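Line order of the protein sequences matches chains A and B.
The numbering used here numbers the first residue of the first sequence as 903 and each following residue consecutively.
The numbering used here numbers the first residue of the second sequence as 903 and each following residue consecutively.
All residues carry an ideal CB built from backbone N, CA and C; glycine is no exception.
Only a predicted model underlies this, so the values are computations on that prediction, with no experimental measurement involved.
As structure tokens, the structure follows; a few thoughts come after it.
Protein chains: 2
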Amino acid sequence: MRTPDQNAQLALLLEVAGTPKPGNVDRRRDLADLRFEHFLAGAVGARDGLELAAEGAAVGPAFERAVAGMAAQGGGNTQFGALLLLVPLVRAARDDLSQPHVEAVVEETTVADAAAFYRAFEHVDVFVDDPPEGLEPLDVRRGAEAVPALEERGLTLLDVMERSAPADDVAREWTTGFERSFAAAERIAEAPGPVPDRAAATFLSLLAERPDTLVVKRSGESVAADATARARELYEANALETAPERVEAFADDLVSRGVNPGTTADLVAAGLFVALERGAVEV
Amino acid sequence: MRTPDQNAQLALLLEVAGTPKPGNVDRRRDLADLRFEHFLAGAVGARDGLELAAEGAAVGPAFERAVAGMAAQGGGNTQFGALLLLVPLVRAARDDLSQPHVEAVVEETTVADAAAFYRAFEHVDVFVDDPPEGLEPLDVRRGAEAVPALEERGLTLLDVMERSAPADDVAREWTTGFERSFAAAERIAEAPGPVPDRAAATFLSLLAERPDTLVVKRSGESVAADATARARELYEANALETAPERVEAFADDLVSRGVNPGTTADLVAAGLFVALERGAVEV
Chain A
903 MRTPDQNAQL ALLLEVAGTP KPGNVDRRRD LADLRFEHFL AGAVGARDGL ELAAEGAAVG
963 PAFERAVAGM AAQGGGNTQF GALLLLVPLV RAARDDLSQP HVEAVVEETT VADAAAFYRA
1023 FEHVDVFVDD PPEGLEPLDV RRGAEAVPAL EERGLTLLDV MERSAPADDV AREWTTGFER
1083 SFAAAERIAE APGPVPDRAA ATFLSLLAER PDTLVVKRSG ESVAADATAR ARELYEANAL
1143 ETAPERVEAF ADDLVSRGVN PGTTADLVAA GLFVALERGA VEV
Chain B
903 MRTPDQNAQL ALLLEVAGTP KPGNVDRRRD LADLRFEHFL AGAVGARDGL ELAAEGAAVG
963 PAFERAVAGM AAQGGGNTQF GALLLLVPLV RAARDDLSQP HVEAVVEETT VADAAAFYRA
1023 FEHVDVFVDD PPEGLEPLDV RRGAEAVPAL EERGLTLLDV MERSAPADDV AREWTTGFER
1083 SFAAAERIAE APGPVPDRAA ATFLSLLAER PDTLVVKRSG ESVAADATAR ARELYEANAL
1143 ETAPERVEAF ADDLVSRGVN PGTTADLVAA GLFVALERGA VEV
């Protein structure tokens, strides 16, 4: 019987092992400067922060600690988004891993949690857009320097996520009761085969559903829409079963073009955690 | 800066990621009932026991805890031998990760450590031979039932390892100041490329040097000698650089024949730990 922090660490590892996960590092693919072993080391380092959350620590400080540990490897940002989903889920799992309870966990976040979230950006280089006009004081890239502006406005971590939700599908989870994370867990539970294969199938189904917001930010909307259209076509053709070479080719193409649907991978990690924690899958 | 228990967990993960590691589960290969994800879960579960060792707990109980956690996955014995090397190394790293200090750590083991080692066998199915004639009361497969016989004879864990050393190259490390573990660390430090590639190169060099004792036990001496002869030929030809497809073919052949040089993989994990802990490699 694994503890929630053990299951969260395992979810990070199973996520990166799942292949093919088009555009992402997976068991068969590395990106130019971001390799498989960086994700292994990221999962090792994240554990202490996840353990804090499992022990009942506040979400912000647990997240900051998890990110600081995750960042102690040479690949840069491996699992920032995944941890932003996992930490409240682990915190909820302490009592009850249900959508209403995770909603309660994020609703209880404070300005101090928001400040810890901002400090987390000082540990790692996360790809973010310029903030909307008028919100420059709250630019996450300012790190701890933005904390006075947060405090002045009395923004909790949930408030910060609500502002990010329109452009970021990790933040959006915070505002929808972790809808897609729980949906991913159900798909993982229902898919056939070993857990990493289920993770890959679920990745494709999620990418087919909505454009990846990291791809939108990095490569633009049309690239993101195109990746999702191709994922949908493969998903609807059940290509992982009927023509796996087409999904492999799609994966190689996205990797070679630097199109990285990392937010979709974050959702898979969250789904793996929920599925493991509920005993819906076994490893 | 990772703690020794974090580096040990990372060593377990990097070991299984290294490919090709002929005959073993690696980033590209699964065995029939033992898959990559079982090693990921094994590394997750082992962490608490490794942490005990890093905090200064006695070697036997820390090992038992690590094995109990490692065994909490569906693949069976993934990392028993690796943990039997890592636990004393982690315990030593708390003060000084040198060969003389690891020797001191194992010399300090007690009958209670031996008893914990025997109890560890109750958590997992480890492949062992029948004991020599007259040593049936000390058959490790008896688990805790053998503890009275241990106590009667006053055998420490080092004593038990000395008795196993002739037929088991993990136990042999305990009697040689972890000679090959430290040699592996040097080879890992000197090899080119990403750390998992260095792990694979070091695996081949170790297998080229001595027949794998797990293969001897499972498949017999001639199969083990043949695997080592083939490894030596590939190693001397620098095949990983000049003809990697030959090493891949060797790996596929061993996997298909069920020839599993798992002891050699255990030594690689130990070498990875020493190299990480000394900062000789970075991930």
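| Item | Value |
| --- | --- |
| Partners in chain B for A:E1184, counting only beta-carbon separations shorter than 9 Å | Q975, G976 |
| Contact between the region 938 to 957 of chain B and the region 973 to 991 of chain B (3+ Cβ pairs under 8 Å) | yes |
| Of the listed residues A:F1105, A:H940, A:L1059, A:F965, nearest to A:G1173 (C-alpha basis) | A:F1105 |
| B:D1128 in three-state terms, based on DSSP | helix |
| Rounded C-alpha distance that separates A:A1133 from A:T905 | 34 Å |
| Backbone secondary structure at B:R1082 - three-state DSSP | helix |
| Classification of B:T1144 by the beta-carbon crowding that lies within 10 angstroms, buried from 16 upward | exposed |
| Short CB-CB distance (under 8 Å) between A:A1051 and chain B | no |
| Cα-Cα separation between B:G978 and A:S1124, rounded to whole angstroms | 47 Å |
| Sufficient close CB pairs (3 or more, under 8 Å) joining the region 1059 to 1070 of chain A to the region 1146 to 1162 of chain A | no |
| Contact set for B:L1037: own chain, Cβ-Cβ below 8 Å, skip 5 residues either direction | R1065 |
| Those residues which DSSP pairs with A:R931 across a bridge | A:D928 |
| Minimum C-alpha distance to B:L952 - residue among B:T921, B:V989, B:D932 | B:V989 |
| Alpha carbon of B:V1176 to alpha carbon of B:P1163, nearest angstrom | 21 Å |
| Any 3 or more C-beta pairs closer than 8 Å across the region 1022 to 1037 of chain A and the region 1114 to 1128 of chain A | yes |
| Residue nearest to A:G962 in terms of C-alpha spacing, selected from A:V1149, A:A934, A:T980, A:V992 | A:V992 |
| Completely contained alpha helix (DSSP H) runs for the region 978 to 1058 of chain B, where each covers 4 or more residues | 982 to 995, 1001 to 1009, 1013 to 1022, 1049 to 1055 |
| Among B:A1129, B:E1047, B:D1015, B:A1101, the one whose alpha carbon lies nearest that of B:M1063 | B:D1015 |
| Beta-carbon proximity check, A:V1026 vs A:V969, cutoff 8 Å | yes |
| Environment of B:R1055 [buried if 16+ CB atoms lie within 10 Å] | exposed |
| Where B:S1083 falls, given that 16 or more other Cβ within 10 Å makes a residue buried | buried |
| C-beta contact flag for B:P924 and B:V1170 at 8 Å | no |
| Local conformation of A:P1096 per DSSP, three classes | coil |
| Proximal residues of chain B, C-beta to C-beta of A:G947 below 8 Å | R904, Q908 |
| Chain A contacts made by the region 923 to 950 of chain B, where a contact means CB separation under 9 Å | R929, R930, D932, R937, F938, E939, H940, L942, A943, A945, V946, G947, R949, D950 |
| CB contact below 8 Å: A:V1097 versus chain B | yes |
| Residue burial classification, A:N909 (beta-carbon count within 10 angstroms, cutoff 16) | buried |
| C-beta neighbour in chain D for B:Q911, strict 8 Å | In the structure shown, chain D does not exist; the protein chains are A and B. |
| is_contact[B:A919, chain A] using C-beta, thresh 8 Å | yes |
| A:T905 (DSSP reduced to helix, strand or coil) | coil |
| Nearest neighbour of B:T1078, chosen from B:A919, B:V1008, B:V927 [CA to CA] | B:V1008 |
| Cβ-based neighbour list, A:E939, same chain, cut-off 6 Å, excluding 5 preceding and 5 following | none |
| CB contact below 8 Å: B:N985 versus chain A | The sequence shown places Leu at residue 985 of chain B, rather than the Asn named in the question. No, because no Cβ of chain A sits closer than 8 Å to the Cβ of B:L985. |
| Reduced DSSP category for A:Q975 - H, G, I as helix; E, B as strand; rest coil | coil |
| Sequence-distant residues of the same chain with beta carbon closer than 6 Å to B:A1087, five excluded per side | G1173, V1176, A1177 |
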